[in-house]
Amino acid sequence: MKSKLVLLVIVPVMFLSGCHTPSGKWQPAPFVLETPWSESVPVENPWPEYPRPGMVRPEWVSLNGLWEFTLTGIRDTIPLVFDRLIRVPFPVESALSGVGEVVTDTTLMWYRKSIAVPDNWKGQQILLHFEASDWETQVYVNGQPAGTHRGGYDPFTLNITSYLEAGREQELVVKVHDPTDRGNQPRGKQVMEPGGIFYTPSSGIWQTVWLEPVPEDHIDAFYVTPDIDRDQIRVEIASATGKEKTAYLVQVFAEGKLVSEVLSEGETMIVPVPDARYWYPSDPYLYDLKITLLKNGNAADSVTGYFGMRQVSLGKARDGYTRVMLNDTFLFQFGLLDQGFWPDGLYTPPSDDAMKYDLEMTRKMGFNMLRKHVKVEPRRFYTWCDRMGLLVWQDMPSCSGYIGARDPDRVVSDEHDRQFRYELGEMVRTLYNHPSIVMWVPFNEGWGQYDTPGIVDFIRSVDPTRLVNAASGWADRGVGDVHDIHHYPDPGMPASEEQRAIVLGEYGGLGFPVEGHTWEQENWGYTNMKNREDLTDRFEEFAAQVYAFAEKGLSAAVYTQTTDVETETNGLITYDRAQAKIDPLLVTKAVKGIFPPYCPSEQRIFTDSLEITLELPLCEGEIYYTLDGSEPGPSDYRYQEPFIIDRSLILKTRAMYSSGADSRVRSYVFEKVPLQSPVPEIPEKQGWIMKIYTGNWQTLPDFNSLEPVETRVVDAVEIGSAGRTERFGVVWEGYLTVDEPGVYVFYLTSDDGSRMNLNGEVLIGNDGIHGMNTVKGFAALEEGAHEVRIEYFQRTGGLGFEWLAGKAGELPQPVTTDRLFHK
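Using this note's numbering, read the sequence shown as starting at -19 and increasing by one per residue.
1. Locate the beta strand (DSSP E) running through leucine 810, then write down its first and last residues.
2. Report the rounded CA-to-CA distance for tryptophan 322 versus serine 244, giving the unit in angstroms.
3. Is DSSP giving lysine 352 helix, strand or coil here?
4. Contact between the segment 181 to 191 and the segment 279 to 287: three or more CB pairs below 8 Å?
5. How long is the line joining the alpha carbons of glutamine 231 and isoleucine 271, rounded to whole angstroms?
6. What separation, rounded to the nearest whole angstrom, lies between the Cα atoms of valine 253 and glycine 147?
7. Measuring straight from C-alpha to C-alpha, what distance separates glutamate 81 and arginine 360?
8. Report buried or exposed for aspartate 366, applying the criterion of at least 16 other Cβ atoms within 10 angstroms of its Cβ.
9. Please work out which residues of its chain come closer than 7 Å, Cβ to Cβ, to lysine 569, disregarding the five sequence neighbours upstream and downstream, and give them in chain order.
10. Check this for me: beta carbons of threonine 633 and proline 577, under 8 Å apart or not?
11. At 3 residues or longer, what runs of the beta strand (DSSP E) sit wholly inside the segment 372 to 460?
12. Could I get the ranges of all uninterrupted beta strand (DSSP E) runs contained in the segment 714 to 778, with 3 residues as the minimum, in chain order?
13. Since leucine 294 contacts valine 304 with CB under 8 Å, what's their CB separation in whole angstroms?
14. Any contact between the segment 749 to 757 and the segment 771 to 788? By contact I mean 3 or more CB pairs, one from each, below 8 Å.
15. So, with DSSP's three-state summary, where would you put glycine 103?
16. Should phenylalanine 70 be listed as close to the ligand MN, given that the test is whether its C-beta is under 7 Å from any heavy atom?
17. Could you please give the first and the last residue of the uninterrupted beta strand (DSSP E) stretch that includes glutamine 118?
18. Please work out which residues of its chain come closer than 7 Å, Cβ to Cβ, to glutamate 326, disregarding the five sequence neighbours upstream and downstream, and give them in chain order.
19. Would you check if the distance between the CB atom of tyrosine 506 and the CB atom of glycine 131 is smaller than 8 Å?
20. Could you check if alanine 96 is buried or exposed, using at least 16 other CB atoms within 10 Å of its CB as the buried criterion?
21. For alanine 234, collect the residues of the same chain with a Cβ closer than 8 Å to its Cβ; drop the 5 residues on either side in sequence, then sort them by chain order.
22. Starting from alanine 9, follow its DSSP beta bridges and name the residues at the other end.
23. For aspartate 461, count the other beta carbons within 10 Å of its own beta carbon; 16 or more makes it buried, fewer makes it exposed. Which is it?
24. Take the Cβ of arginine 557 as the centre, count every other Cβ of all protein chains shown within 10 Å, and call the residue buried at 16 or more, exposed below.
25. Report the CB separation of threonine 549 from proline 493 in whole angstroms; it is logged as a contact under 8 Å.
26. Should the segment 731 to 741 be regarded as contacting the segment 751 to 770, the criterion being three or more beta carbon pairs within less than 8 Å?
27. Given this structure, state the Cα-to-Cα distance separating proline 660 from glutamate 762, to the nearest angstrom.
28. Can you tell me the Cα-Cα spacing of valine 693 and serine 416, whole angstroms?
29. So, under 8 Å CB-CB, isoleucine 585 and glutamate 651 are touching, yes? Tell me the CB distance rounded to an integer number of Å.
30. Distance, Cα to Cα, lysine 344 vs lysine 572?
31. Do threonine 87 and leucine 51 come within 8 Å of each other at the CB atom, strictly closer than that value?
32. Once you ignore the five residues that flank glutamate 813 on each side, which residues in its own chain have a CB closer than 8 Å to its CB?
33. Look up leucine 566 in the DSSP assignment and say whether it is helix, strand or coil.
34. Does DSSP put lysine -18 in a helix, in a strand, or in coil?
35. So which of Ser452, Asn746, Phe438 and Trp6 has the shortest CA-CA distance to histidine 353?
36. Helix, strand or coil for threonine 137 per DSSP?
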């Protein structure tokens, strides 16, 4: 761990007395969507918990609560009038702040609060801590500029002792400027125009503000590096000390019992941890730590913390694949993409309990990992992960700018590079001691990606103990410790590599909006599910594919996502945290590899009879089933070979494993149907009508209410003739002829959304923003011409469309011109 020197920029500003204070009672801004904690957030003391659990002192005062507040244009002088109140630490745009207004890059946020320093703190240094403020924060104490910090995600500290005045309350004024996506600073998914996968900004103070007294000689920070091979830790201490002789006493405790101690005059020391108990997700054991700074042999300062004996590395597993190893053992990491947005507090959870709830649900659903996505959470978040045994992949919040998968890295200015490295380094240093964090992810999907090899080297220079995922998704440069791809909605994996592990950084995104629990009425998913059972089925199918990939060398997979976020309804939990969309017990079974039997064929309709085959993914077990809709058990049919059905029925299946575990019951509805009638006569005109539209959609619009920019007759259903690559839609209409009666299957593959209507009814829905995704539909058709309408839209990014058809059970083919007609 590298030590650092932080320089605070001091800017002279005139202090204006006689300021006006706001009048009226504070209340929250209107809620778009509330969480179970929204109404119980204290007005005067929200987030009362100690904000730095990894380095604790007993004395501190929270400054959270109501502050005077105002918005101005860009200016240097402190305003005279603060016309409203804001509840800190909630972002200005959030309902819980009480402001709920948009802040632009030409706006300044001003906060003011009178604070009383406790009398028993006299003679000590007074530190003012900001856990996070987005983005450029300048602090004034009693009218004097005390320092400026640039960074939206890292904690910073000011020693304000020299600015305090005896015999009075101290006036604290904070000025914040946040350009959001109008600047080049790290900002994650915050944008001025939210939509799709980008969300409402969180400007200003958004984590706890607090005071702390320390002696003149005190400990600033410490860094613990576990060494499981030698049963020891390396402790590096950063401190503010004078010329007197100092020493450090480091003590390690296990369940309250002292197990080791070392006294050293140096700031770096090796401390034994005899018979070390390793930290695992299944056993997240933490040792307690106490560090005492001794001055001339007397205790001057002491702090307490904790650590875990944990090592992450690459290694060869028994199957010969290069794997991500935890404590020299391969553990498949199965996690959730965790974005950390809240409908009431945006970046800031309404409370510590609320934040903890997401983590508890992640564990309850059986996951052992989460990927903290382009956001850095309060330090308490990572302590909860440490205690719960949740592995964390930590993303660096992304900057503006974008590169495609085949584009070269961006070229950025020296200033951009310095700021990015500064904030990246601060993130790594701040979170260094958390055993839960096993991987750093500097870039996601090409957002702000530049000098990828150099950034990997930089991270390793700050923290050589963890893995580096250089680029999650898309623009892989062959550097870092893993090759990470994104594949929506179904899982995928790249070829295995000798020097790097293979991981799936994102997949899934199964959309299912729950009425009454959405941010907006218009919402989307990478692919939309019809109901909860459909969602459960698809989640299990994808999990089974993940485990099949694991046998081929995949080390980890990340499902999108923990909760819905604004218009994105891909979560396993609703955005308001009110409902789990799938029973957590069923999610756990899938995550643990306990799957119900499935039918390999997706055909659910037939006209005469149908052969049924059942299979069990991955694991050996017994399959039981019923044909009368009852729940299957050991006394029911035991599946041994395919069987024939000739009537409509509900098939229910269950798997029972030798381990004693049993799967959930999965149902299949099979229907004996009549053939659909064709139109009376086949139209004479060859080809289909193609209508082209332009627009910026997240889902298929109502094309009937829009005016096409072009209409023509085409002899093939393909998008190349549209002559566009983004923000457009196409509708094809016409008649399809079939030569003989029977059950037909249609394949609709698209990036982004598509839909197929047959004889006036929706047959295939493949809507939403997603990569190339295939959905099938079956129909029983008479010989003749049948009316078909296909809709498609493309927003930005990947582009693709394909429509295939054929008899059920046969290989589908592109539809040829001689089968397309229109009136």
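Glycine included, C-beta positions come from ideal geometry on N, C-alpha and C.
Taking the coordinates as given:
1. This structure does not reach residue 810, given that the chain is present from -19 up to 803, and the question cannot be answered.
2. 46 Å
3. strand
4. no
5. 6 Å
6. 49 Å
7. 28 Å
8. buried
9. Ser643 and Arg644
10. yes
11. 417 to 421
12. 722 to 731, 734 to 738, 741 to 746, 753 to 761 and 764 to 774
13. 7 Å
14. yes
15. coil
16. Among the ligands in the structure shown, none appear at all, so the ligand MN cannot be discussed.
17. 116 to 121
18. The amino acid at residue 326 is misidentified as glutamate; the sequence shows leucine. Pro71, Glu73, Ser74, Thr180 and Ser182, listed in sequence order.
19. no
20. exposed
21. Arg257, Tyr267 and Asp268
22. Note: alanine 9 sits in no beta bridge, so no partner.
23. buried
24. buried
25. 4 Å
26. yes
27. 12 Å
28. 59 Å
29. 5 Å
30. 12 Å
31. yes
32. Nothing can be reported for residue 813, as the shown portion of the chain is limited to -19 through 803.
33. helix
34. For lysine -18, the predicted structure reports a pLDDT of 38, less than 50, and the residue's modelled location is therefore unreliable. The matter cannot be settled from this model.
35. Ser452
36. strand
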